[in-house]
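**Student:** Please read through the structure below; I'll follow up with questions.
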Amino acid sequence: MKELVKSMKFFHMYLKQYKLQFFFIIVSIVVATYLQVKAPQYIGDAIQELVNYLGKLNASGGKIDDMSTFVHIILLLILFYVLSSIATFIQSMLMTQVTGKATNRMRIGLFSKLEKLTIRFFDSHNDGEILSRFTSDLDNISNTLNQALIQVMSNVALMIGVLIMMFRANAQLAWVTIASVPFAIIIATVIIQKAAKYVDLQQDSIGELNGYMDEKISGQKIIITNGLEEETVAGFLGHNEAVKKATYKGQVYSGLLFPVMQGMSLVNTAIVIFFGGWFALNGSLDRSVALGLIVMFVQYSQQFYMPLTQISSQYSMLQLAVTGARRLMDVFDETEEPDAVGGSTFKGISEEVLLDHVSFSYNEGTPILKDVSIQVKKGEMVALVGPTGSGKTTVMNLLNRFYDVDKGNISFDGTDIRHLTLASLREHVGIVLQDSVLFSGTIRDNIAFGKPEATMDEVMAAAKQAHIHDFIMELEQQYETEVSDENNIFSTGQKQLISIARTIITNPSLLILDEATSNVDTVTESKIQKAMDNVISGRTSFVIAHRLKTILNADRIVVLKNGEVIESGSHADLLDEDGFYAELYRSQFVFE
Numbered sequence: 001m002k003e004l005v006k007s008m009k010f011f012h013m014y015l016k017q018y019k020l021q022f023f024f025i026i027v028s029i030v031v032a033t034y035l036q037v038k039a040p041q042y043i044g045d046a047i048q049e050l051v052n053y054l055g056k057l058n059a060s061g062g063k064i065d066d067m068s069t070f071v072h073i074i075l076l077l078i079l080f081y082v083l084s085s086i087a088t089f090i091q092s093m094l095m096t097q098v099t100g101k102a103t104n105r106m107r108i109g110l111f112s113k114l115e116k117l118t119i120r121f122f123d124s125h126n127d128g129e130i131l132s133r134f135t136s137d138l139d140n141i142s143n144t145l146n147q148a149l150i151q152v153m154s155n156v157a158l159m160i161g162v163l164i165m166m167f168r169a170n171a172q173l174a175w176v177t178i179a180s181v182p183f184a185i186i187i188a189t190v191i192i193q194k195a196a197k198y199v200d201l202q203q204d205s206i207g208e209l210n211g212y213m214d215e216k217i218s219g220q221k222i223i224i225t226n227g228l229e230e231e232t233v234a235g236f237l238g239h240n241e242a243v244k245k246a247t248y249k250g251q252v253y254s255g256l257l258f259p260v261m262q263g264m265s266l267v268n269t270a271i272v273i274f275f276g277g278w279f280a281l282n283g284s285l286d287r288s289v290a291l292g293l294i295v296m297f298v299q300y301s302q303q304f305y306m307p308l309t310q311i312s313s314q315y316s317m318l319q320l321a322v323t324g325a326r327r328l329m330d331v332f333d334e335t336e337e338p339d340a341v342g343g344s345t346f347k348g349i350s351e352e353v354l355l356d357h358v359s360f361s362y363n364e365g366t367p368i369l370k371d372v373s374i375q376v377k378k379g380e381m382v383a384l385v386g387p388t389g390s391g392k393t394t395v396m397n398l399l400n401r402f403y404d405v406d407k408g409n410i411s412f413d414g415t416d417i418r419h420l421t422l423a424s425l426r427e428h429v430g431i432v433l434q435d436s437v438l439f440s441g442t443i444r445d446n447i448a449f450g451k452p453e454a455t456m457d458e459v460m461a462a463a464k465q466a467h468i469h470d471f472i473m474e475l476e477q478q479y480e481t482e483v484s485d486e487n488n489i490f491s492t493g494q495k496q497l498i499s500i501a502r503t504i505i506t507n508p509s510l511l512i513l514d515e516a517t518s519n520v521d522t523v524t525e526s527k528i529q530k531a532m533d534n535v536i537s538g539r540t541s542f543v544i545a546h547r548l549k550t551i552l553n554a555d556r557i558v559v560l561k562n563g564e565v566i567e568s569g570s571h572a573d574l575l576d577e578d579g580f581y582a583e584l585y586r587s588q589f590v591f592e
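Here full-length UniProt numbering is used: the sequence shown runs in plain steps of one and ends on residue 592.
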């Protein structure tokens, strides 16, 4: 119930601005409903009129002079059905328009929300599971709004209209017609509760399956080179089996609703005919109109159960939409990046960067950094080294405020970064990651990604500093060369050089290099090192070192182990100390 209420709030949030369209939709529903519930009365009148004519025909010896009343009723009946079809078309057309606009806003809202979420969210959710929100869940919502919602509204209106018409025509037969409804509702409720459980499980299982496929497709080269194809398929079969079981059980229970309601409708029709005949025989009904009245209530019985039957047949779709709304709301409820309200604008490092007794853990009870203090003066290059899991990359995450510290603080020129606006912080902090990423578009677009207004001269100057300009000029379309997954013309090292050019063009005050040379050969490493020297020059920088020879000229080397600073000093000083760093250097240990 709580999930249903939450979903209704979600739908209301996106549909409330279409009040005018819903007004006309409701008007057309009322008109169509009136025409539908009035039609059985004319059918009953026509049949009764025909019976009367047959009686007159027998009495007059085979001659009837006037059948205008019968013809008039038939013409009205045809007119009602035509007008009902027109009203139904109008409501369908308006609902399609509303659905298109509403789901478009949902899609925009969801993507905008994702762009505001913390790194923690993306670290804890895989890509496929996130993308399933845009595909499976939004498709389910769109289909439901476009098909099931209008059906529910129309059917509820039809039930109310039929009730009114039945009690106006004959209260006795009306009570007979609706007597079985409580039993139908009880049966439907039991089935719905079972179905809801498995429809929810189905969508969650689909999200997990999408996540698994995304992960394995992205890592297909590793799978092939390690000969893990069969194990990967086995893992897929396990996830797929979970989807199959949940889908099967959900569809079985959802599929029970329609035949159960259809069966109840047929039973109810038989009950109406039986009691209609019984009332006519014992005098409770006027025998002169009994046949027409019974036929009318047979029609009303079918019309009254038709909404229950149709709503039941749409249940699976409705539940998928409720589940989809819940899954979208889970994203909307996620905590956004905590920007400083009324915070200061960061204009660049003028004095120092200070990590003051910083402690941090991604998961409570598992500390990553323990009382870490590092002071970096403006223009200094500080290298962070240490074994895997020592906390090097975590320092990068904290400096750019992807996460907030648990204890202590990080300050730029004496101002806690939690008191700086995120926009100004990110504008002046540049990062070159270990795994470079290129976006679809031209080479120029990729270099100017962080500064879209950059001129061509600025783009080329950045490329030259990154030692990638000459390669780009050898391409047929040079800086206008399109980059995509299908047209991947760059090696790993060249991608890294473009990433460095992208960072150079933003002219960051604080630079963080996260193992930028770890995935390249020695020759490319030399180019990257020259590019790094260009981008580091004159800037305050943190370099997370993978290969020790790349940070020999660092102003200071900070050695981390188990989340603690165990050594700090220049390369020469640390060698003289003959401690942990010296041991690593001598063994040429490869770091991550």
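C-beta atoms are modelled at their ideal positions from N, C-alpha and C, and glycine is treated no differently.
#1: Checking the sheet assignment: what are the DSSP bridge partners for Ser-568?
#2: Give the secondary structure of Gln-251 by DSSP, where H, G and I count as helix, E and B as strand, and everything else as coil.
#3: If you draw a straight line from the alpha carbon of Phe-589 to that of Gln-494, how long is it in whole angstroms?
#4: Should Tyr-581 go down as buried or exposed, given a rule of 16 or more other Cβ atoms within 10 Å for buried?
#5: Could you tell me the alpha carbon to alpha carbon distance between Leu-425 and Ile-349, rounded to whole angstroms?
#6: Would Gln-21 and Ser-84 qualify as a contact pair, given that the criterion is a beta-carbon distance under 8 Å?
#7: Going by the CB atoms, is the gap between Arg-105 and Tyr-14 shorter than 8 Å?
#8: What span of residues does the alpha helix (DSSP H) with Ser-154 cover, start to end?
#9: Is the beta carbon of Thr-118 sitting closer than 8 Å to the one on Glu-337?
#10: Please report the residue range of the alpha helix (DSSP H) in which Ser-136 lies.
#11: Give the DSSP-derived three-state secondary structure of Val-483 in the structure shown.
#12: Relative to the C-alpha of Thr-388, which residue among Ala-545, Ala-270 and Lys-197 is closest?
#13: Please report how far the alpha carbon of Ala-448 lies from the alpha carbon of Leu-438, in whole angstroms.
#14: Quick one: any contact between the stretch 414 to 434 and the stretch 363 to 371, if contact means 3 or more CB pairs under 8 Å?
#15: What separation, rounded to the nearest whole angstrom, lies between the Cα atoms of Lys-9 and Ile-186?
#16: Based on DSSP bridge pairs, tell me the residues matched to Glu-352.
#17: Can you tell me where the beta strand (DSSP E) holding Leu-75 begins and where it ends?
#18: Which residue comes first and which comes last in the beta strand (DSSP E) that contains Phe-439?
#19: Could you give the distance in angstroms between the alpha-carbon of Glu-229 and the alpha-carbon of Val-565?
#20: Give me the residue from Thr-177, Phe-80 and Lys-347 with the minimum Cα distance to Lys-38.
#21: Taking just the CA atoms, how far does Leu-420 sit from Gly-342?
#22: Only counting the same chain, and skipping five residues up and downstream in sequence, which positions put a Cβ closer than 6 Å to that of Thr-481?
#23: Take every Cβ of the stretch 569 to 587, pair it with every Cβ of the stretch 404 to 423, and state whether three or more of those distances are shorter than 8 Å.
#24: Which word fits Thr-540, buried or exposed, when buried means at least 16 other C-beta atoms lie within 10 angstroms of its C-beta?
#25: DSSP state of Asn-240, grouped into three classes?
#26: Going along the chain, which residues of its own chain have a beta-carbon closer than 8 Å to the beta-carbon of Asp-413, five neighbours each way excluded?
#27: For Thr-455, write down the residues that DSSP places opposite it in a beta bridge.
#28: How close, in whole Å, do the beta carbons of Asn-170 and Leu-293 come, if the pair is a contact with beta carbons under 8 Å?
#29: Would you report the Cα separation of Ala-196 and Thr-247, rounded to the nearest angstrom?
#30: The beta strand (DSSP E) that contains Lys-407, what's its start and end?
#31: Identify, in the order they occur along the chain, each residue of the same chain with its Cβ nearer than 8 Å to the Cβ of Ile-472, setting aside the five sequence neighbours on each side.
#32: Give me, in chain order, the residues of the same chain whose beta-carbon lies closer than 8 Å to that of Gln-302; leave out the 5 immediate sequence neighbours on both sides.
#33: For Arg-168, count the other beta carbons within 10 Å of its own beta carbon; 16 or more makes it buried, fewer makes it exposed. Which is it?
#34: Just how far apart, CA to CA, sit Gly-211 and Gly-219?
#35: Should Phe-304 and Val-176 be called a contact, given that it needs their Cβ atoms to be closer than 8 Å?
#36: Could you tell me the distance, in whole angstroms, from the CA atom of Glu-592 to the CA atom of Arg-547?
**Tutor:** Straight from the coordinates:
#1: By one-based count along the sequence shown, residue 568 stands at place 568. Answer is Val-558.
#2: As a first step, residue 251 is located in the sequence shown; it is residue number 251 there, counting from the start. Note: Gln-251 maps to helix in three-state DSSP.
#3: What you label residue 589 is simply residue 589 of the sequence shown in a count that begins at 1. What you label residue 494 is simply residue 494 of the sequence shown in a count that begins at 1. Confidence in Phe-589 is poor, its pLDDT being 47 and thus under 50, which makes the residue's placement unreliable; the coordinate value appears in the next sentence. Taking the straight line from one Cα to the other gives about 25 Å.
#4: Indexing the sequence shown from 1 puts residue 581 at position 581. Classification for Tyr-581: buried.
#5: Here residue 425 refers to the residue found at position 425 of the sequence shown. Here residue 349 refers to the residue found at position 349 of the sequence shown. Whole-angstrom Cα-Cα distance: 11 Å.
#6: On the sequence shown, residue 21 is found 21 positions in, with the first residue counted as 1. On the sequence shown, residue 84 is found 84 positions in, with the first residue counted as 1. Their beta carbons are not under 8 Å apart, which means Gln-21 does not touch Ser-84 by this criterion.
#7: On the sequence shown, residue 14 is found 14 positions in, with the first residue counted as 1. On the sequence shown, residue 105 is found 105 positions in, with the first residue counted as 1. The answer is yes: Cβ separation under 8 Å.
#8: Residue 154 sits at position 154 when you count from the first residue of the sequence shown. From DSSP, the alpha helix (DSSP H) with Ser-154 extends over 149 to 169.
#9: Residue mapping note: residue 118 aligns to position 118 of the sequence shown, counting from 1. Residue mapping note: residue 337 aligns to position 337 of the sequence shown, counting from 1. A contact, by the Cβ cut-off of 8 Å.
#10: Counted from its first residue, the sequence shown places residue 136 at position 136. Looking at the DSSP string, Ser-136 is not in any alpha helix (DSSP H), and its letter there is neither H nor E.
#11: Residue 483 sits at position 483 when you count from the first residue of the sequence shown. In the structure shown, Val-483 sits in a strand (DSSP, three-state: E or B).
#12: Residue 388 sits at position 388 when you count from the first residue of the sequence shown. Taking only the C-alpha atoms, the option nearest Thr-388 is Ala-545.
#13: Indexing the sequence shown from 1 puts residue 448 at position 448. Indexing the sequence shown from 1 puts residue 438 at position 438. So the alpha carbons of these two residues sit roughly 12 Å apart.
#14: no
#15: What you label residue 9 is simply residue 9 of the sequence shown in a count that begins at 1. What you label residue 186 is simply residue 186 of the sequence shown in a count that begins at 1. One C-alpha to the other measures close to 26 Å.
#16: Reading the sequence shown from its first residue, position 352 is the one you call residue 352. DSSP, once it has assigned bridges, lists Lys-377 as partnering Glu-352.
#17: Along the sequence shown, one-based indexing puts residue 75 at 75. Not the beta strand (DSSP E): Leu-75 falls in the alpha helix (DSSP H), residues 68 to 114.
#18: Walking along the sequence shown from the start, residue 439 turns up at place 439. Element bounds for Phe-439: n/a, residue is neither H nor E.
#19: In the sequence shown, counting from the first residue as 1, residue 229 sits at position 229. In the sequence shown, counting from the first residue as 1, residue 565 sits at position 565. One C-alpha to the other measures close to 42 Å.
#20: Indexing the sequence shown from 1 puts residue 38 at position 38. Ranking Thr-177, Phe-80 and Lys-347 by Cα distance to Lys-38 puts Phe-80 first.
#21: The sequence position of residue 342 within the sequence shown is 342, counting from 1. The sequence position of residue 420 within the sequence shown is 420, counting from 1. Taking the straight line joining both Cα atoms gives about 9 Å.
#22: Translated into positions along the sequence shown, residue 481 becomes position 481. Contacts found: Ile-443 and Leu-475.
#23: no
#24: As a first step, residue 540 is located in the sequence shown; it is residue number 540 there, counting from the start. Under this definition Thr-540 is a buried residue.
#25: For the purposes of this step, residue 240 is taken as residue 240 along the sequence shown, with counting starting at 1. DSSP places Asn-240 in helix when its eight states are reduced to three.
#26: Here residue 413 refers to the residue found at position 413 of the sequence shown. Excluding residues within five positions, the ones whose Cβ falls inside 8 Å are Ile-349, Ser-350, Glu-351 and Glu-352.
#27: On the sequence shown, position 455 is the one that residue 455 refers to. For Thr-455, which the question treats as bridged, DSSP gives no partner whatsoever.
#28: On the sequence shown, residue 170 is found 170 positions in, with the first residue counted as 1. On the sequence shown, residue 293 is found 293 positions in, with the first residue counted as 1. Right, their Cβ atoms sit about 6 Å apart.
#29: The residue given as residue 196 occupies position 196 in the sequence shown. The residue given as residue 247 occupies position 247 in the sequence shown. Each residue's alpha carbon lies about 11 Å from the other.
#30: Position 407 of the sequence shown holds residue 407. Per DSSP, Lys-407 belongs to the beta strand (DSSP E) from 407 to 412.
#31: Numbered from 1 along the sequence shown, position 472 holds the residue referred to as residue 472. Around Ile-472: Ile-443, Ala-463, Gln-478, Tyr-479 and Thr-481.
#32: Against the sequence shown, residue 302 aligns to sequence position 302. Counting only Cβ-Cβ distances below 8 Å, and skipping sequence neighbours, we find Ser-265 and Thr-269.
#33: The residue you call residue 168 lines up with position 168 of the sequence shown. Exposed: under 16 other Cβ atoms inside 10 Å.
#34: On the sequence shown, position 211 is the one that residue 211 refers to. On the sequence shown, position 219 is the one that residue 219 refers to. Their Cα atoms are separated by approximately 12 Å.
#35: The count along the sequence shown starts at 1 and reaches residue 304 at position 304. The count along the sequence shown starts at 1 and reaches residue 176 at position 176. Cβ distance not < 8 Å, so Phe-304 and Val-176 don't count as in contact.
#36: Taking the sequence shown and counting its residues from 1, the one referred to as residue 592 is at position 592. Taking the sequence shown and counting its residues from 1, the one referred to as residue 547 is at position 547. With a pLDDT of only 40 at Glu-592, under the threshold of 50, the placement of this residue in the model should not be trusted; the figure read from the coordinates follows. Cα to Cα, Glu-592 sits roughly 9 Å from Arg-547.
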